[in-house]
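Trainee: In our numbering, the protein residues as written are 64 to 192. Just so it is clear, CB atoms sit at the ideal spot from N, CA and C, and this is done for glycine as well.
1) Judging by CA-CA distance, which residue of 93, 90, 91 and 74 is the nearest neighbour of residue 84?
2) Counting Cβ pairs, one atom from each stretch, are 3 or more of them under 8 Å apart for the region 122-130 and the region 102-112?
3) On the criterion of 16 or more Cβ atoms from any shown chain inside 10 Å, does residue 169 qualify as buried, or is it exposed?
4) Count the other CB atoms, across all protein chains shown, that sit within 10 Å of the CB of residue 175; report buried if there are 16 or more and exposed otherwise.
5) Judging by CA-CA distance, which residue of 80, 185, 164 and 182 is the nearest neighbour of residue 105?
6) Which term fits residue 86, buried or exposed, when burial requires 16 or more other beta carbons within 10 angstroms of its beta carbon?
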């Protein structure tokens, strides 16, 4: 189901520069699903990825615990480094489903995508030193 939601969301992506449309569907522990798309900007650094869009939508609705996220691109591309770090804030065990537009997919976790992630716990350790 998450792959289908993410794939449907892709049509709303705003990707006039890269033409690389990405859709995401984030499953919260509550059972709610939040979709997201990439939104590009003429000032490239101000673009936001679909994964972060989905997380921000969920967080703004009070969610803090997540089970899985599906990310769909034309070719099954993986989340970028910024998204990996962003997702790590909310759980290294979150399942990541990387899918292409035809529904082929691979499974991994946020932790596997970002080994030795900088987490809230590591920040707390650094503050104690």
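Mentor: So, from the data block:
1) Counted from its first residue, the chain shown places residue 84 at position 21. The shortest Cα separation from residue 84 among 93, 90, 91 and 74 belongs to 74.
2) By the Cβ test, the region 122-130 is not in contact with the region 102-112, since fewer than three Cβ pairs between them sit closer than 8 Å.
3) Here residue 169 refers to the residue found at position 106 of the chain shown. Label assigned to residue 169: exposed.
4) Position 112 of the chain shown, counting from 1, holds the residue named residue 175. Here residue 175 is exposed: its Cβ has fewer than 16 other Cβ atoms, across all protein chains shown, within 10 Å.
5) Locating residue 105 in the chain shown gives position 42, where the first residue counts as 1. It is 80.
6) Residue 86 sits at position 23 when you count from the first residue of the chain shown. The residue is buried, with at least 16 neighbouring Cβ atoms inside 10 Å.
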